[in-house]
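Reviewing the structure listed below.
Chains as they are written, first to last, in the UniProt record's numbering: chain A, 1 to 278; chain B, 1 to 250.
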């Protein structure tokens with residue numbers, strides 16, 4: 001079990017996270033929802049220590065760490081057990097898909113190359129991208145890049161998988177393939193903490209939903225309860241804005257899924273030649 | 001006036017000049033390597049904003065980029081002996097000024113000059129590396145050193161390469177000024193030879209041809225290296241899963 005106690009993060013006078021507590025059971029998928037700028041991403045990044053929290057405790061892997069004064073060694077230990085999937089994918093662009101997944105294994109975990117290769121291939125196979133192993137990120141679609149990102153995170157056998165708006169940089173068609181990949185990883189028993197604005201997806205995948213506003217957990221519960229019977233006015237207001245948006249969209253566009261979509265098997269790439277840049 | 005321009009001489013005297021090519025190349029290599037190492041260190045100081053050293057490096061770069069290389073060579077050539085004399089005077093040591101080979105003055109001045117230009121190229125390249133990728137590396141538990149070695153430097157190297165090569169090409173031509181430090185490299189040798197034949201124009205034509213060819217060779221090598229290091233533009237073929245893997249998946 002992973003325990004977070006009293007996580008506080010401030011930027012100057014601005015308190016972004018105001019003492020957040022969270023327990024995550026093994027295999028749970030906890031989703032964070034809430035308006036932009038309320039600290040959802042900061043919360044994820046604080047757990048991974050990409051942001052340095054001002055106060056808070058984290059219990060993971062049987063160790064309890066004081067996040068406010070954490071040593072370099074502990075930072076690395078925490079990062080190794082909490083893998084991050086980024087909104088902008090952040091693949092190493094000078095490495096192929098396979099090398100991206102191998103990187104953490106060989107460099108951080110010191111797994112022998114051959115073994116790391118096998119493991120990385122298995123992870124790529126798991127996200128359906130084994131055939132793309134030699135492709136560089138620039139040759140992959142956004143959805144494929146994010147699936148490599150997920151494979152890269154899972155290759156580290158994290159105690160907790162942190163997903164920071166994993167589909168918000170993608171077009172609707174790519175969103176689906178990434179969501180399916182995340183869904184699969186959840187079904188395989190990975191413990192996850194997900195930040196998302198895709199309410200339908202959150203409802204489908206999460207075992208628990210936390211509504212965060214103003215740096216605090218305003219409401220939490222099972223997805224059914226949070227979405228169908230929100231208790232606090234603030235959450236009702238927040239969810240209403242989503243419904244309004246969905247309704248206006250429905251009014252303007254009769255069919256939400258275009259019928260005659262040709263899905264290319266390989267991404268269409270238009271390599272830009274150097275001469276064309278000026 | 002059949003004898004005004006001896007075009008044959010332009011080519012026939014090239015071998016004589018090439019005898020001094022090693023001096024030019026040695027100057028270039030020594031100043032290039034020292035300049036690159038120094039430039040890299042200065043770039044790290046600037047990226048990390050190391051207090052005091054950062055301010056010093058700002059003045060250093062500004063001075064070396066803001067003064068002509070020939071002036072810097074003179075300063076090195078006349079200044080270092082004076083400095084050594086003062087050191088001898090203050091410390092009672094007995095460094096022999098005449099024992100310092102003049103080529104060292106030239107290398108020092110050229111290397112410092114290169115380091116100023118190269119440090120800015122390297123600094124720009126390091127800051128151009130996508131911060132998202134650095135975060136990704138950190139988030140998986142890489143140490144700061146691993147992040148530098150695995151993510152920052154390989155990508156910064158690719159970005160810096162064309163600029164560094166450009167700087168190196170500038171340096172090769174800069175070595176032609178080393179004569180002011182009493183170093184007889186190719187240009188100086190040419191001037192000495194022309195002094196007895198009075199065929200100055202032919203001599204400078206020969207020198208121009210040699211420098212141009214060296215630069216062409218360097219440009220060619222640089223483009224080969226760039227091609228080798230850069231990410232291929234073409235997408236590779238899809239890997240076919242082998243029969244075994246297909247079976248294993250089912």
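Beta carbons: idealized from backbone N, C-alpha and C, even for Gly.
In the structure shown, residue 220 of chain A falls within a strand segment according to DSSP collapsed to helix, strand and coil.
With its beta carbon less than 8 Å from one in chain A, residue 136 of chain B belongs to the interface. Contact annotation for residue 151 of chain B against chain A: 92 [CB-CB distance below 8 Å, chain order]. Contact check for residue 83 of chain A against residue 162 of chain A passes: the beta carbons are separated by less than 8 Å. With respect to chain A, the C-beta atom of residue 142 of chain B has a partner C-beta closer than 8 Å. Between residue 180 of chain B and residue 86 of chain B, the C-beta spacing is not below 8 Å. In its chain, beyond the 5 residues on either side, 16, 54 have a beta carbon closer than 7 Å to the beta carbon of residue 10 of chain A. Note that the C-beta distance between residue 186 of chain B and residue 10 of chain B is not below 8 Å.
About 22 Å separates the beta carbon of residue 131 of chain A from that of residue 85 of chain A, a gap too long to meet the 8 Å contact definition. Residue 90 of chain A counts as buried, since at least 16 other C-beta atoms from the protein chains shown sit within 10 angstroms of its C-beta. Beta-bridge partners assigned by DSSP to residue 161 of chain A: A:83, A:192. With a 10 Å radius around the Cβ and a threshold of 16 neighbouring Cβ atoms, residue 172 of chain A comes out exposed. Against chain B, a Cβ distance below 7 Å from residue 76 of chain A picks out 141, 143. Look at the stretch 27-57 of chain A: the residues with a C-beta under 9 Å from a C-beta of chain B are 45, 48, 49, 50.
When C-alpha distances from residue 228 of chain B are compared across A:75, A:44, A:94, the shortest belongs to A:94. The beta carbon of residue 80 of chain A sits closer than 7 Å to the beta carbons of 108, 156 from its chain, once the five residues preceding and following it are set aside; these are given in chain order. At a cut-off of 8 Å between beta-carbon atoms, residue 229 of chain A makes no contact with chain B. Below the 8 Å Cβ cutoff, chain A contributes 130, 131, 132, 133, 134 as neighbours of residue 239 of chain B, in chain order. Listed in chain order, the alpha helix (DSSP H) runs fully inside the stretch 34-74 of chain B are 53-66, counting runs of at least 4 residues. Taken residue by residue, none of the stretch 58-71 of chain B has a beta-carbon sitting less than 7 Å from a beta-carbon on chain A. Under the criterion of beta carbons closer than 8 Å, residue 51 of chain A and residue 42 of chain A qualify as touching, at roughly 6 Å. If you look at residue 103 of chain B, you'll find it in the alpha helix (DSSP H) that goes 102-127.
For residue 211 of chain A, the uninterrupted beta strand (DSSP E) segment begins and ends at 208-213. Nearest CB-CB separation between residue 206 of chain B and chain A: not below the 8 Å threshold. Residue pairing from DSSP places residue 2 of chain A in a beta bridge opposite A:24. Residue 87 of chain A is not a Cβ neighbour of residue 158 of chain A, given a cutoff of 8 Å. Chain-ordered listing is empty here: chain B has no CB closer than 8 Å to the CB of residue 206 of chain A, the nearest sitting near 22 Å. By the neighbour-count definition (other C-beta atoms within 10 Å, threshold 16), residue 232 of chain A is an exposed residue.
Going by beta carbons, residue 18 of chain A and residue 187 of chain A fall outside the 8 Å limit. If the five residues before and after residue 160 of chain B are omitted, its C-beta is found closer than 6 Å to the C-beta atoms of 121, 122, 125, all from its own chain and listed in chain order.
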